[in-house]
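Colleague: Chains S and P supply the protein sequences, listed in that same order.
Under the working numbering, read the first sequence as residues 1 to 612, first letter to last.
Under the working numbering, read the second sequence as residues 613 to 820, first letter to last.
Glycine residues also receive a C-beta, built at the ideal position from the N, C-alpha and C atoms.
Quick one: structure below, then a few questions.
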Amino acid sequence: MDWITTVDHKKIAILYLWAGGLFFGIGGLEAILIRIQLIKPMNTFLDAQTFNELITMHGTTMIFLGVMPVIFALMNAVIPLQIGARDVAFPFLNALGFWTFLFGGVLLNLSWIMGGAPDAGWTSYTPLSTIEYSGTHGVDFYTIGLQIAGLGTLIGGINFLATIITMRAPGMSFMRMPMFVWASFITSAIILFAFPAITVGLVLLTFDRILGANFFDTSAGGNSVLWQHIFWIFGHPEVYILILPAFGIISEVIPTFARKRLFGYSSMVFATILIAFLGFMVWAHHMFTTGLGPVANALFSVSTMLIAVPTGIKIFNWLFTMWGGQVRFTSPNLFAVGFIPTFTMGGVTGVMLASAPADFQFHDTYFVVAHFHYVIVGGLVLGLFAGLHYWWPKMFGRMLSETLGKWTFWTFIIGFHLTFFVQHFLGLMGMQRRVFTYLPNQQFDLLNLISTVGAGLMGVGMLIFLTNIFLTSRKPADAPDDPWEDGRTLEWAIPSPPPEYNFKQTPLVRGLDAFWKEKTSGHKTMTPAEPVGPIHMPSATILPFLMSVGIFIAGLGFMFSRDDFGNAFMGFMFNHYLVTAIGLVITFGSMLLRSLYDDHGWHIEPEELEGR
Amino acid sequence: MTTAQAEGAAGTLPHEPEKATLEGRNKVLAFWLFLGGESVLFGTLFATFLALRNQTNEGPSANELFHLPLVAAATFLLLVSSLTSVFAIQAMHRGKVAVLRNWLLVTVFLGLCFLVLEIYEFSVYVRHEEFGMTTSAFSSAFYTLVGFHGAHVAFGILWISVLIGQLVRKGLTVVTAPKIYVSAMYWHFIDVVWVFIFTVVYLLGKVG
Chain S
1 MDWITTVDHK KIAILYLWAG GLFFGIGGLE AILIRIQLIK PMNTFLDAQT FNELITMHGT
61 TMIFLGVMPV IFALMNAVIP LQIGARDVAF PFLNALGFWT FLFGGVLLNL SWIMGGAPDA
121 GWTSYTPLST IEYSGTHGVD FYTIGLQIAG LGTLIGGINF LATIITMRAP GMSFMRMPMF
181 VWASFITSAI ILFAFPAITV GLVLLTFDRI LGANFFDTSA GGNSVLWQHI FWIFGHPEVY
241 ILILPAFGII SEVIPTFARK RLFGYSSMVF ATILIAFLGF MVWAHHMFTT GLGPVANALF
301 SVSTMLIAVP TGIKIFNWLF TMWGGQVRFT SPNLFAVGFI PTFTMGGVTG VMLASAPADF
361 QFHDTYFVVA HFHYVIVGGL VLGLFAGLHY WWPKMFGRML SETLGKWTFW TFIIGFHLTF
421 FVQHFLGLMG MQRRVFTYLP NQQFDLLNLI STVGAGLMGV GMLIFLTNIF LTSRKPADAP
481 DDPWEDGRTL EWAIPSPPPE YNFKQTPLVR GLDAFWKEKT SGHKTMTPAE PVGPIHMPSA
541 TILPFLMSVG IFIAGLGFMF SRDDFGNAFM GFMFNHYLVT AIGLVITFGS MLLRSLYDDH
601 GWHIEPEELE GR
Chain P
613 MTTAQAEGAA GTLPHEPEKA TLEGRNKVLA FWLFLGGESV LFGTLFATFL ALRNQTNEGP
673 SANELFHLPL VAAATFLLLV SSLTSVFAIQ AMHRGKVAVL RNWLLVTVFL GLCFLVLEIY
733 EFSVYVRHEE FGMTTSAFSS AFYTLVGFHG AHVAFGILWI SVLIGQLVRK GLTVVTAPKI
793 YVSAMYWHFI DVVWVFIFTV VYLLGKVG
C-alpha cells in the first residue's frame, strides 16, 4: 500500500526500475524467440503471424516500456539529489506519470492474451496497420496503450523541466549543473516537443480504426505517408530522448573513475543542446525511399550527417577526460569505457545510412537492424548498466558485487558484438529485416547462427546481473555515503540510501562538481545554505493510481466499442461507450477530489531530524 | 505601489498571489511548458488538416459547407471570453474576490455559448450536408482538429467551474490564486488556437 500511494521521488524511481525491468525482461524474451526462429533457414519454430507480433512487440516494448522507464528511474533517483533539492517540483504528478506509464504498458501487453498482439512493426506504418491488413485488436492495443503510457512520459518530462529550472540549490547556476542533469533537462525538453506529435498520430490511427476516419485511407483521399511524417517527427527525436541520458551517465561515471573533471564541460553542454535541436531537423531520413524527391533527400542527408559533429565532440571529450587520469576499471566504469567504441561504431553506420543513395541499398535490411541496435543497445543499454552499477549503492544502500558486475560486462558486451556485428554483413548481402525466415545456401546460415549464439550470451549476461541484484539484496545495507570515494556531485554528500527529505540543510554550491570542490578544499561535508528548520513534505495519496485505473478502463472500453460480444449486457456496456464513461468518471472524479481537498502536506521538525 | 501597500489593499494577500509561493511559481512555469507541448499537438493537427483539406472524396468541400456568419459569431464570443478572463485576473490582482468570481462566471457562460454554436454547426453538417467523420479525408481532418479544440473548450469550462466553486468555498488564497491564473492562461491559449482555426480552416476554406 505504501508503494501504491507514495509520492517520494526515490521510491518512484524504484517503482520505475522494477516495472521497466519487468518489461525489459519481456522484450528480451521476445528477442530471444526471434533469434531462435532465425537460427537456421526455413525454420518452423514460429509461424509468420507470431513472428510479426514478436518483432512488433519487441521493438515497442523495449523502446517505450523497457529502456525509457529505466531512464526515468535514474532521473528520478538522481536529479533531485544532484541539484540539491528535497523533491521534484510536482510529487503528485510524478506518481501520476509512473502509474499512467505502468497501466499503458499493462494494456499493451494484455494484447497477448486478448486476441492477438500488434503485428504491423513497431513503427505501425499505414496501410499495414489499418483494419484491412491488421484485423485483430492488436494495433488498437498499440495505439491506446502507447497513448496512455505516453501521457506518463509527458508528465514526467514537464516535471523534470520545472524541477531543474526552479529547485536548484543556491549557487548551482546552469553552468554548474552536473552533465546528467543537463542531459535530463534537454531530454525532457525533447519529450515535451516530440511526444504531442505521436499523441496526435496515435489519435488519428485510432480514429481510422475505430471511428472509420480516412486519414490514412488513400481510397477516400487519405495519405499513407502522412503517418510516416508524424511518426518520425516524433520518432527521430525519440532516439535522442533515449541516448542523451546515456551520454549524461557516461559524463558522470568517467570523471569519477578517472579522478579528473570532465574535459570540455561547456562544449559538452552546447553539444547536447545542438544534438537536441538537430534531432528535430532530420526526421525524413527515415523516408528516403518513399520518394520525397532529390532536394528533400539532400537536405535531410546533410542535416543528419551534421549530428556527427556534436557527437564527435562528446566522444573526444570523454577520451580526453581519461587521458592522463588515474583510471579505475570498476564495473560501472567498464560499462562506460565499453560504451565509447561501441556507440562510435553505431554512429559511423548512422552516417552511412544518412547518405540517401546508399540508403536505397541499405533500406529494410539487417544493416539497419545492426545500426540501431549498436546505438540503442551498444549505446543506451551499456549506459544504463553503467548508471545502475554506479548509483545502485545510492539508491539501495548496498554495493553490487564487483566480480559479478565484471562478469555481466564481459558476457554482455561479447554477446552483443557477436549478435549484431555480423548483422551488418547479413544486411549488405541482402538479408531483409522483418521476414520470418530465409532460404538456405544464400550465405546467411552461419552468420545467423553466430548472431543467435550471441543473443543467448547477452541473455546470460542479464541473468548474471539479476543474480547480482538478488545476492546484493540479501546483504546488509551498509554502503558508505561516498562508496566510490571519488564522488564529485551532491548525491554523494548525503547518506546511502538518502533519508526521505534528502538534505537536512540545503547545500551551498560553490562550483562545478560541488562535492569534489569541498573535498579538495579540505571539508568533509557540504557547507549548508540554511539553518536546520522544519522540512515540508507532501502527503502520500492514492489518487494518481486511481486516475490511471480510470484511464485504463476508458481505453479498454473505447477499444472494444465496436465489437459484437454476443452477450446483451457486455454489448450494451461497450457499444454505448458506458465502459469508457465509467473510466472517465473515475479519472475526472479523482481530479475533482484532488481539486476540492487541498493537501498541505506535513512537516518534519528539527528535533526529529537531530534524533535520526 | 510597494508590496506592503498592495497587501494592505488586498487584505493579507501579496500583489501577485499566484507567484507568492514556490509551488505557485512552479505551477505557472510548468503550465507554460505544457502549453509548449500543446502547441506541438495543435501544430500536428493543423499540418494534418492542411495536407488533407482538399481531399473531399466527392463529399462536400469547405467552400460549399461553411457558413461564415455563424463562425464569426462563435469567434466573437470566444474572443470576448478571453477579454473577460483578463478582467478576472485584474480583479484578482486587486484582491476583489466577488468581481473575480463574476468575471469568471461570464467567461464560462461565453465559453458555453461558443460550444453550443459549435455543436449546432456540427449537427447541421451531419444532418443536412451528409458530412460526417467517415465522409472524406477532409471531413476526418476537420472534425478532428475543430473537435479537439472544442474538447479543450469543454474541459476549460468544467475546470473553471470547479475553480469558481473552490473560490467560493475557500476564498482567494496563495493556493487558489495560481490555479485561477493558470486556467486563464489555458483559456487564452485555446482562444489563440481558435484564431488559427478561424483563419486556416474557415477563411482559407472559403477563399483559399
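State buried or exposed for S:His229, treating a residue as buried only when at least 16 other CB atoms are found within 10 Å of its CB.
Modeller: buried
Colleague: Between S:Trp3 and S:Leu380, what straight-line distance do the alpha-carbon atoms span, to the nearest angstrom?
Modeller: 28 Å
Colleague: Between which two residues does the alpha helix (DSSP H) carrying S:Trp392 extend?
Modeller: From DSSP, the alpha helix (DSSP H) with S:Trp392 extends over Leu382 to Phe396.
Colleague: My guess is that S:Ile307 and S:Leu278 are in contact by the Cβ rule of under 8 Å, so how many angstroms apart are they, rounded?
Modeller: 5 Å
Colleague: Identify which residue in P:Lys639, P:Val786 and P:Tyr737 has its Cα closest to the Cα of P:Thr624.
Modeller: P:Val786
Colleague: Is the separation between the beta-carbon of S:Pro495 and that of S:His603 shorter than 8 Å?
Modeller: no
Colleague: Check whether the segment 797 to 809 of chain P and the segment 741 to 754 of chain P are in contact - that is, three or more C-beta pairs closer than 8 Å.
Modeller: no
Colleague: Considering only the alpha carbon of each residue, which of P:Val736, P:His800, P:Thr811 and P:Thr756 lies closest to P:Leu647?
Modeller: P:His800
Colleague: Since P:Ala632 contacts P:Ile701 with CB under 8 Å, what's their CB separation in whole angstroms?
Modeller: The beta-carbon distance between P:Ala632 and P:Ile701, rounded to whole angstroms, is 15 Å. This is too long to meet the 8 Å contact definition.
Colleague: For S:Ile32, which residues in the same chain have their Cβ closer than 8 Å to its Cβ, ignoring the five residues on either side in sequence?
Modeller: Excluding residues up to 5 positions away in sequence, Ala455, Gly456 and Gly459 lie with their Cβ nearer than 8 Å to the Cβ of S:Ile32 in the same chain.
Colleague: Whose CA, out of P:Thr788, P:Leu757, P:Val794 and P:Ala749, lies closest to the CA of S:Ala213?
Modeller: P:Ala749
Colleague: Hey, is P:Asn675's beta-carbon within less than 8 Å of any beta-carbon in chain S?
Modeller: no
Colleague: Considering only C-alpha positions, which residue in the set S:Ile586, S:Val549, S:Val585 and S:Phe247 is nearest to S:Gly152?
Modeller: Closest option to S:Gly152, Cα to Cα, is S:Val549.
Colleague: Hey, does P:Ala618 have any beta-carbon neighbour from chain S nearer than 8 Å?
Modeller: Because the pLDDT of P:Ala618 is 41, which lies under 50, any placement of that residue in the model is unreliable, and the number read from its coordinates should be weighed accordingly. It does not: the Cβ of P:Ala618 has no partner Cβ on chain S nearer than 8 Å.
Colleague: With DSSP run on the structure shown, which of helix, strand or coil describes S:Trp516?
Modeller: helix
Colleague: Only counting the same chain, and skipping five residues up and downstream in sequence, which positions put a Cβ closer than 6 Å to that of S:Phe185?
Modeller: Same-chain partners within the cutoff: Ile164.
Colleague: Quick check on S:Val88: buried or exposed, where buried means 16 or more other Cβ atoms within 10 Å of its Cβ?
Modeller: Counting Cβ neighbours within 10 Å, S:Val88 comes out buried, since at least 16 surround it.
Colleague: For P:Ala622, name the three-state secondary structure that DSSP assigns.
Modeller: For P:Ala622, the predicted structure reports a pLDDT of 47, less than 50, and the residue's modelled location is therefore unreliable. The matter cannot be settled from this model.
Colleague: If the cut-off is 7 Å on Cβ atoms, which residues from the segment 156 to 177 of chain S count as contacting chain P, listed in chain order?
Modeller: Answer in chain order: Ile158, Leu161, Ala162, Ile165 and Thr166.
Colleague: Report, in whole angstroms, the separation of the C-beta atoms of P:Thr827 and S:Phe234, which I expect to be a contact under 8 Å.
Modeller: As shown, chain P starts at 613 and ends at 820. That puts residue 827 of chain P outside it, with no answer to give.
Colleague: Once DSSP output is grouped into helix, strand and coil, what is the label at S:Thr136?
Modeller: coil
Colleague: Kindly indicate if chain S contains any beta-carbon less than 8 Å away from that of P:Val804.
Modeller: Not one chain S Cβ lies under 8 Å of P:Val804.
Colleague: Could you pull out every unbroken alpha helix (DSSP H) segment of at least 4 residues lying fully inside the segment 1 to 73 of chain S, listed in chain order?
Modeller: Within the segment 1 to 73 of chain S, the complete alpha helix (DSSP H) segments at least 4 residues long are 2 to 5, 9 to 37 and 48 to 60, listed from N- to C-terminus.
Colleague: Taking 8 Å as the threshold (beta carbon to beta carbon), is P:Met613 in contact with chain S?
Modeller: Low per-residue confidence applies at P:Met613: pLDDT is 35, beneath 50, and the placement is therefore not dependable enough to give any value.
Colleague: Find the residues of chain S that neighbour P:Arg665, judging by a C-beta separation of less than 9 Å, and give them in chain order.
Modeller: Neighbours of P:Arg665 on chain S: none; closest Cβ ~10 Å, over 9 Å.
Colleague: Within 10 angstroms of its Cβ, does S:Leu204 collect 16 or more other Cβ (buried), or is it exposed?
Modeller: Counting Cβ neighbours within 10 Å, S:Leu204 comes out buried, since at least 16 surround it.
Colleague: Is P:Thr614 buried or exposed, if buried means 16 or more other CB atoms sit within 10 Å of its CB?
Modeller: In this predicted model, P:Thr614 has a pLDDT of only 40, less than 50, meaning its place in the structure is not dependable; the value taken from the coordinates is given anyway. With fewer than 16 Cβ atoms within 10 Å of its Cβ, P:Thr614 is classed as exposed.
Colleague: Work out the CA separation of S:Pro507 and S:Pro606 for me, nearest whole Å.
Modeller: 17 Å
Colleague: Below 8 Å on the Cβ atoms is my guess for S:Gly427 versus S:Phe372; work out the distance and round it to an integer in Å.
Modeller: The pair is not a contact, with the Cβ atoms about 12 Å apart (cut-off 8 Å).
Colleague: From the beta carbon of P:Phe661, is the nearest beta carbon of chain S less than 8 Å away?
Modeller: For P:Phe661, the nearest beta carbon of chain S is not closer than 8 Å to its own beta carbon.
Colleague: Give me the subset of the segment 82 to 94 of chain S whose CB atoms are less than 9 Å from a CB atom of chain P, sorted by chain position.
Modeller: Ala89, Phe90 and Leu93
Colleague: Based on the DSSP secondary-structure assignment, which residues constitute the bridge partners of P:His764?
Modeller: Bridge partners of P:His764: none, in fact.
Colleague: Using the beta-carbon of each residue, which ones in chain P are nearer than 8 Å to S:Gly212?
Modeller: Met745 and Thr746
Colleague: Measure the alpha-carbon distance for S:Asp119 versus S:Met62 and round it to whole angstroms.
Modeller: Their backbone Cα atoms lie some 15 Å apart in a straight line.
Colleague: Measuring CA to CA, which of S:Met175, S:Ser590 and S:Glu500 is closest to S:Pro80?
Modeller: Measuring from the Cα of S:Pro80, the nearest candidate turns out to be S:Glu500.
Colleague: Can you look up S:Gln649 in the DSSP assignment and give me helix, strand or coil?
Modeller: What is shown of chain S runs 1 to 612, which leaves residue 649 of chain S out entirely.
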